[in-house]
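Here is the structure we will look at.
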Amino acid sequence: MLAGAAVLLVAGTLTATANEKVTFGTNWLAEPEHGGYYQAIADGTYAACGLDVTIMQGGPQVSGRPMLLAGKIDFYMGGNLLSAFDAVQQGIPMRVVAADFQKDPQVIMSHPGEGLDKWEDLKNADQYIMGDEGAQTFFQWMVTDLGFDAAKRVPYTFNPAPFIANKKSIQQGYVTSEPFAVQKQGGFTPNQFLLADNGWDTYATTIEVMQDTIDKRPEVVQCFVDGSAKGWYKYLYGDNKAANDMIKKDNPDMTDEQIAFSIEQLKKFGIVDSGDSEKLGIGTMNEARIQSFYDKMVKAKVAQPGLDIKKAYTLAFINKGVGLELKK
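With mature numbering (1 follows the signal peptide of the UniProt record, and there is no 0) applied, the sequence shown corresponds to residues -18 to -1, 1 to 310, in that order.
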């Protein structure tokens, strides 16, 4: 019995120390919007449940999703649910296992005091400054459901100068980024209208995984989902210095001022933690909301009708309240 206990003790020690190596691909350069994942590495949260996680940064020259499909990375950060619907359409066995942003950070900005101070006023702007991806997705919904004029759209080149110069224009952006740039360059705080608060009900910053990984390594998926949720709680409500140091190391262009602004906006607008997550935990999803967003996208001719969207996601790893005790 003693010998058997010794063998078990050694085996347990080996399991605890030899964590499985996995790679998580993000969809952009390191930034506070990825803070929970960096936090879970920095404070040992992933390691505590058996994973040695490496973050592979995204960026303009990086295509992370093909690497997920090819098995080069284990997890990928999706932007919103559209990519998951597209995977179903193409017959790709990929699933969303968690949504770490309850709200898409996409925002529409306007100049204060120019007759564009309410959401319903925005369609009256002289010009809509929208990027190509936005023009093909959420702007189609804005045109179809909300009556925006497609002819007023002009390209967004990720330079706020045209918006700053034209007081009767509106511009897309991330609530954690573009308003900061406008404040710095334009000297004023723009009105900020979060699409998520006005009907754009997709989940965002999703965790995408191949079905094969779910089937063969469910404990790895559970550890990553749980570790990410805990990481986000600690990043938002605890000591996030080590995570921010990692972010700045990976992306030297990131400043402390930008990081502080982004975290403040994440909290203020309830991007990560609001609604269902307050009871079910960060990462939560539900079928009714996913169906609602899919129906909107079909109506706007952004998604193909007739898809079996239950193939796009699984709720098996979430909605368990993991990490709620860490919220301060």
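Built from N, CA and C at the ideal position, the CB exists for glycine as well.
- A straight-line Cα-Cα distance of about 22 Å links PHE121 and PHE162.
- Cβ-Cβ separation between GLN204 and PHE299: approximately 5 Å, consistent with a contact (criterion under 8 Å).
- Taking all protein chains in view, the Cβ of LYS223 is surrounded by fewer than 16 other Cβ atoms within 10 Å, so the residue is classified as exposed.
- The residues GLY129, PHE130, in chain order, have a CB closer than 6 Å to that of LYS105 in the same chain once the five nearest residues on each side in sequence are set aside.
- For ILE229, the enclosing alpha helix (DSSP H) starts and ends at 223 to 232.
- Boundaries of the alpha helix (DSSP H) harbouring LEU64: 64 to 72, taken from the DSSP string.
- Assignment of PHE206 by DSSP, reduced to helix, strand and coil, places it in the helix class.
- Checking the DSSP bridge columns, you'll see ARG135 partnered with TYR110.
- Per DSSP, the continuous alpha helix (DSSP H) segment holding ASP127 begins and ends at 120 to 128.
- THR188 sits away from PHE275, with the two beta carbons spaced by 7 Å or more.
- If you check the CB distance, THR266 and ASP255 do not come in under 7 Å.
- One alpha carbon belongs to PHE145, the other to VAL70, and they sit about 37 Å apart.
- Under DSSP, ILE37 forms a beta bridge with PHE6.
- In chain order, ILE241 place their CB closer than 7 Å to the CB of ASN226, counting only its own chain and leaving out the 5 sequence neighbours on each side.
- In this structure, GLN174 sits near MET91, with a CB-CB distance shorter than 7 Å.
- Taking 8 Å as the upper bound for CB-CB distance, LEU177 and GLN109 are not in contact here, some 18 Å apart.
- Within the region 230 to 288, no complete beta strand (DSSP E) segment of 3 residues or longer occurs.
- Check the Cα spacing between VAL304 and each of GLY220, GLY213, ASN180: the tightest is with GLY213.
- Between LYS292 and MET279, the alpha-carbon positions lie close to 16 Å from each other.
- Segment contact: the region 39 to 56 against the region 4 to 11, three or more CB-CB distances shorter than 8 Å; contact assigned.
- Separation of the CB atoms of VAL202 and GLU2 is rounded to 6 Å, and the pair is thereby assigned contact status at 8 Å.
- With fewer than 16 other beta carbons inside 10 angstroms of its own, THR36 counts as exposed.
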